[in-house]
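Protein chains: 2
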Amino acid sequence: MKQIPIPSRRRLVTLSQILQQLKKNGARVTSSEISALTGWSDATIRRDISLLCVHSGRSNGYEVAALREAIAAALDIRAGNGGKRCCIVGLGPLGSSLLSGTAFSGSAFSLAAAFDTSMNRIELLDSDIPLYLTTELKTVIPAKEITLAVLCVPDQIAQEMADRLVSFGIRGIVNYTNTILSVPDGVTVENANVVTALTRIVGASGSSL
Amino acid sequence: MKQIPIPSRRRLVTLSQILQQLKKNGARVTSSEISALTGWSDATIRRDISLLCVHSGRSNGYEVAALREAIAAALDIRAGNGGKRCCIVGLGPLGSSLLSGTAFSGSAFSLAAAFDTSMNRIELLDSDIPLYLTTELKTVIPAKEITLAVLCVPDQIAQEMADRLVSFGIRGIVNYTNTILSVPDGVTVENANVVTALTRIVGASGSSL
DNA sequence: GTCTGTGAAGAGGTTCACAGCC
DNA sequence: GGCTGTGAACCTCTTCACAGAC
Numbered sequence: 018m019k020q021i022p023i024p025s026r027r028r029l030v031t032l033s034q035i036l037q038q039l040k041k042n043g044a045r046v047t048s049s050e051i052s053a054l055t056g057w058s059d060a061t062i063r064r065d066i067s068l069l070c071v072h073s074g075r076s077n078g079y080e081v082a083a084l085r086e087a088i089a090a091a092l093d094i095r096a097g098n099g100g101k102r103c104c105i106v107g108l109g110p111l112g113s114s115l116l117s118g119t120a121f122s123g124s125a126f127s128l129a130a131a132f133d134t135s136m137n138r139i140e141l142l143d144s145d146i147p148l149y150l151t152t153e154l155k156t157v158i159p160a161k162e163i164t165l166a167v168l169c170v171p172d173q174i175a176q177e178m179a180d181r182l183v184s185f186g187i188r189g190i191v192n193y194t195n196t197i198l199s200v201p202d203g204v205t206v207e208n209a210n211v212v213t214a215l216t217r218i219v220g221a222s223g224s225s226l
Numbered sequence: 018m019k020q021i022p023i024p025s026r027r028r029l030v031t032l033s034q035i036l037q038q039l040k041k042n043g044a045r046v047t048s049s050e051i052s053a054l055t056g057w058s059d060a061t062i063r064r065d066i067s068l069l070c071v072h073s074g075r076s077n078g079y080e081v082a083a084l085r086e087a088i089a090a091a092l093d094i095r096a097g098n099g100g101k102r103c104c105i106v107g108l109g110p111l112g113s114s115l116l117s118g119t120a121f122s123g124s125a126f127s128l129a130a131a132f133d134t135s136m137n138r139i140e141l142l143d144s145d146i147p148l149y150l151t152t153e154l155k156t157v158i159p160a161k162e163i164t165l166a167v168l169c170v171p172d173q174i175a176q177e178m179a180d181r182l183v184s185f186g187i188r189g190i191v192n193y194t195n196t197i198l199s200v201p202d203g204v205t206v207e208n209a210n211v212v213t214a215l216t217r218i219v220g221a222s223g224s225s226l
């Protein structure tokens, strides 16, 4: 398959989400409409979409549902099969807030397990998701073919836990801790904690907010 | 001041965090050590640092503390004055998990207020941070000179709430909802919810995790 | 010798501008 | 008229490679 540049991939991910929340599912959407919504130039949007090799939109805008499907197919983020399996590691207030609620519903991911070091905490939580002690990471991750983890442990043990996760087969980590993780090639980390997000906002914009 | 490219800014933000967690505070660090930790090329690291115009590291590596200070100064993310003021909007499980705990401690940001629509919820929460009804956004945000918000409300009201926040003076939003927000020029959004983060991992890497 | 700092070359992404289609 | 798709130009960021500092 054609190689899609990473900036384009990221925009397409966002675009896919935007198309989902556009309530006009039967209708069509044009590159300039998307441009108004996102701030990206219309040329960039057309280029991104053309990389998908669908050509469904000649002179008439893109059909919303078809475009969404094409993006999902190209980026391998279709919701089929219950989606890619992931797990939560660390069930403090933040971790357990992702257990309940609708954090994963309707997405291309399914929550297959959650882990904590404390049996106490596990017994207190009431959840549809199976909960385990972290001692069971080694068996549960391969058994359930989990490849993605959401890390919500205390900062001090974040690197150590990341190392363990990687050694058991995890290939992608959403990092909600304040620790910058060091991982081998082939493993992807996405930092999503508040301070990092805030710092990116301030650091990215010309500053002085 | 010289213009620092956005990719460099983002790396410098991360680098600053890495330097903080390097326990050798008096010591020096070289570009190749940083390269090993991050995976970025040593040339890129030297170029990034040279954009700061400090030149403190001729032939001997960089002094850790000085480098950290230089990055913080250039990106305007120094912790001084208690840091930039931000607020949490929406005190469900996720929002309230950021209230307690150490989410902001030691960062360049301070939590100046938190908001929810439900007086019930506000009264139940025990927090050092002042809590308000969202009807008070209009007065509290300008009064406390808050420029950053962490959005944790239900998806359905996220856009509407973002519009209100922007109109009251918020210039940066950390978005923990699953809604892609549309904001005017000059306002920065950083999406940090689980599904977006997971999708980025899958979409960014060559796929098939 | 080791390391930084930086012109110059190279790679990668974005935008322009227009042909082609409806 | 309005819209997509795309070669070509443009621009931005990265890497090379080496002079200069220690």
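These protein sequence lines map, in sequence, to chains A and B.
Heads up: take any position in the first sequence, counting from 1, add 17, and you land on the working numbering.
Heads up: take any position in the second sequence, counting from 1, add 17, and you land on the working numbering.
Think of the CB as a built atom: it goes at the ideal place given N, C-alpha and C, for glycine as much as any other residue.
Only a predicted model underlies this, so the values are computations on that prediction, with no experimental measurement involved.
Query, Result
"Can Leu92/B and Val211/A be called in contact, C-beta distance under 9 Å?", "no"
"Evaluate Ser122/A with the Cβ neighbour count: other Cβ atoms within 10 Å of its Cβ, from every protein chain shown; 16 or more gives buried, anything less gives exposed.", "exposed"
"Whose CA, out of Asp65/B, Gly56/B, Leu128/B, lies closest to the CA of Ile21/B?", "Asp65/B"
"Can you find a CB in chain B that lies within less than 9 Å of the CB of Ser120/A?", "Looking at the sequence shown, residue 120/A is not Ser but Ala. For Ala120/A, the answer is yes, since a Cβ of chain B falls inside 9 Å of its Cβ."
"Should Leu228/A be flagged as near chain B, meaning a C-beta pair shorter than 9 Å?", "Nothing can be reported for residue 228/A: it is not among the residues displayed for chain A, which extend from 18 to 226."
"Count the other C-beta atoms from every protein chain shown that fall within 10 angstroms of the C-beta of Gln34/B, then say buried if there are 16 or more, exposed otherwise.", "buried"
"At a cut of 8 Å, does the region 134-141 of chain A reach the region 188-202 of chain A through at least three beta carbon pairs?", "no"
"Opposite Ala131/B in the DSSP bridges: which residues?", "Ile105/B, Leu148/B"
"Could you spell out where the beta strand (DSSP E) holding Leu21/A opens and where it closes?", "It is Ile, not Leu, that sits at residue 21/A in the sequence shown. That residue, Ile21/A, is in no beta strand (DSSP E); it is neither H nor E in DSSP."
"So, is Glu207/A buried or exposed, given that buried needs 16 or more other C-beta atoms within 10 angstroms?", "buried"
"Using a cut-off of 7 Å between C-beta atoms, extract the partners of Glu140/A located in chain B.", "None at all; the shortest Cβ gap to chain B is about 19 Å."
"Look at the alpha carbon of Ser184/B and the alpha carbon of Lys155/B, and state the distance between them as a whole number of angstroms.", "9 Å"
"How many angstroms separate the CA atom of Met18/B from the CA atom of Leu142/A?", "Because Met18/B sits at a pLDDT of 47, beneath the cut-off of 50, its placement in the model cannot be relied upon, and the point is left open."
"Measure the Cβ-Cβ separation of Ile94/B and Val167/B and say whether it is below 9 Å.", "no"
"Quick check on DSSP: helix, strand or coil for Val206/A?", "strand"
"Which parts of the region 176-202 of chain A are runs of the alpha helix (DSSP H), unbroken and 4 residues or longer, counting only runs that do not cross its ends?", "none"
"Taking the CB atoms as reference points, tell me whether Leu151/B and Ile187/B lie closer together than 9 Å.", "Correcting the residue identity first, residue 151/B is Thr in this sequence and not Leu. No, they are not a contact pair."
"Can you pull the chain A residues whose beta carbon is under 9 Å from the beta carbon of Gln173/B, in chain order?", "The premise fails here: Gln173/B is roughly 10 Å from chain A at the closest Cβ pair, so nothing lies under 9 Å."
"Short of 7 Å Cβ to Cβ, which residues in the region 148-160 of chain A face chain B?", "none"
"Can a CB atom of chain B be found closer than 9 Å to the CB of Ile62/A?", "no"
"Here's the rule: buried if 16 or more other CB atoms are within 10 angstroms of the residue's CB, otherwise exposed. What is Cys70/A?", "exposed"
"With H, G and I counted as helix, E and B as strand and the rest as coil, what does DSSP make of Leu154/A?", "helix"
"Against Ser117/B, what residues of chain A qualify as contacts under a CB-to-CB distance less than 7 Å, listed in chain order?", "Pro110"
"Taking Cβ positions only, does Ile23/B come closer than 9 Å to chain A?", "yes"
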